[in-house]
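This report concerns only the one structure given below.
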Amino acid sequence: MVGLLLQALIAAVTTVPLGTWRPDLAFQLPPAVVGGVAWLVLWRDVLERLLREPESERTSLSRRVYLYGALGSSVLVILGTAGFVLYQLISVVLGIREAATALSEAAPAFGFTLVALGVLVYHGAVLRADTRAAAARPASMAVRLILRLPPESDVDAVIRELTDHVPPGATLERAN
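Heads up: the sequence shown begins at 1 in this note's numbering, then just goes up one per residue.
What follows is the structure in structure tokens.
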């Protein structure tokens with residue numbers, strides 16, 4: 001849809017006709033609305049989880065897979081559209097197309113590029129914030145202790161007693 005808006009702007013300032021904008025709009029509007037609403041609903045849930053459990057949400061595998069997938073997809077879209085724009089530019093330089101026509105035909109690619117840049121910038125900022133938050137969090141320290149008990153001791157009771165006295169945020173694990 002961004003490309004369609006760019007085509008309309010180009011048609012308004014040049015002699016290049018707008019072409020078939022109604023079928024293009026009818027084709028592009030439904031997926032944009034459905035996809036946008038679906039993303040907003042799902043991302044809102046992610047943001048709510050981030051408020052409730054920031055550490056576990058920022059370090060979750062599904063979040064990182066999604067963020068890296070969004071970044072990778074954005075880069076691929078930008079590279080693909082850059083190739084098409086370069087093709088249009090070479091066509092103008094070689095005299096195959098007029099500049100206004102090439103610009104109008106490249107408008108959808110520019111639209112994809114703008115959307116992909118928005119996705120790249122937003123999700124990149126989220127990933128950077130997650131990375132900064134993880135770096136600011138102090139690393140946990142694991143200490144190996146050996147506890148020797150008399151044979152008549154109730155091991156489970158001793159472990160429960162020790163667990164009751166660990167500081168907040170610390171955990172005690174039994175390794176046999």
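In this text, a Cβ means the ideal position worked out from N, Cα and C, and glycines have one as well.
**Asked** The alpha helix (DSSP H) with Ile159 in it runs from where to where?
**Response** The count along the sequence shown starts at 1 and reaches residue 159 at position 159. Element bounds for Ile159: Val155 to Thr163.
**Asked** Within 10 angstroms of its Cβ, does Leu117 collect 16 or more other Cβ (buried), or is it exposed?
**Response** For the purposes of this step, residue 117 is taken as the residue at position 117 of the sequence shown. Exposed is the call here.
**Asked** Considering only C-alpha positions, which residue in the set Ala70, Ala102 and Leu120 is nearest to Leu6?
**Response** In the sequence shown, the residue the question calls residue 6 occupies position 6. When each option's Cα is compared against that of Leu6, the closest is Ala102.
**Proximity of Glu55 and Arg132 at Cβ, strictly below 9 angstroms** = Taking the first residue of the sequence shown as 1, we reach residue 55 at position 55. Taking the first residue of the sequence shown as 1, we reach residue 132 at position 132. Not closer than 9 angstroms, so no.
**Item:** Close beta carbons around Val126, own chain, < 8 angstroms, minus the five adjacent residues each side
**Value:** Within the sequence shown, residue 126 is the residue found at index 126, counting from 1. Hits under 8 angstroms: Leu67.
**Item:** Separation of Thr81 from Gly111, as counted between CA atoms
**Value:** The residue labelled residue 111 in the question sits at position 111 within the sequence shown. The residue labelled residue 81 in the question sits at position 81 within the sequence shown. Distance between the alpha carbons of Gly111 and Thr81 is about 9 angstroms.
**Request:** Measure from the alpha carbon of Asp24 to the alpha carbon of each residue in Arg49, Ala8, Val115 and Leu61, then state which is nearest.
**Result:** As a position in the sequence shown, residue 24 is number 24, starting the count at 1. The option with the nearest alpha carbon to Asp24 is Ala8.
**Message:** Restricting to Cα atoms, I'd like to know which of Leu120, Val41 and Thr171 is closest to Met141.
**Reply:** Locating residue 141 in the sequence shown gives position 141, counting from the first residue. Among Leu120, Val41 and Thr171, the Cα nearest to that of Met141 belongs to Thr171.
**Limits of the unbroken alpha helix (DSSP H) element including Thr101** = Translated into the one-based positions of the sequence shown, residue 101 becomes position 101. Looking at the DSSP string, the run of the alpha helix (DSSP H) that includes Thr101 is Ala99 to Ala136.
**Message:** Just to check my reading of the structure: Leu149 and Val143 have Cβ atoms closer than 8 angstroms, yes? What is that Cβ distance to the nearest angstrom?
**Reply:** The sequence position of residue 149 within the sequence shown is 149, counting from 1. The sequence position of residue 143 within the sequence shown is 143, counting from 1. With a Cβ gap of about 19 angstroms, Leu149 and Val143 do not count as contacting.
**Request:** Classify Gly3 as buried or exposed, calling it buried when 16 or more other Cβ atoms lie within 10 Å of its own Cβ.
**Result:** Here the question's residue 3 lines up with position 3 in the sequence shown. So Gly3 counts as buried.
**Item:** Selection from Ser74, Leu40 and Gly169 that minimises the alpha carbon distance to Val121
**Value:** Position 121 of the sequence shown, counted from the first residue, corresponds to residue 121. With distances taken between Cα atoms, Val121 lies closest to Ser74.
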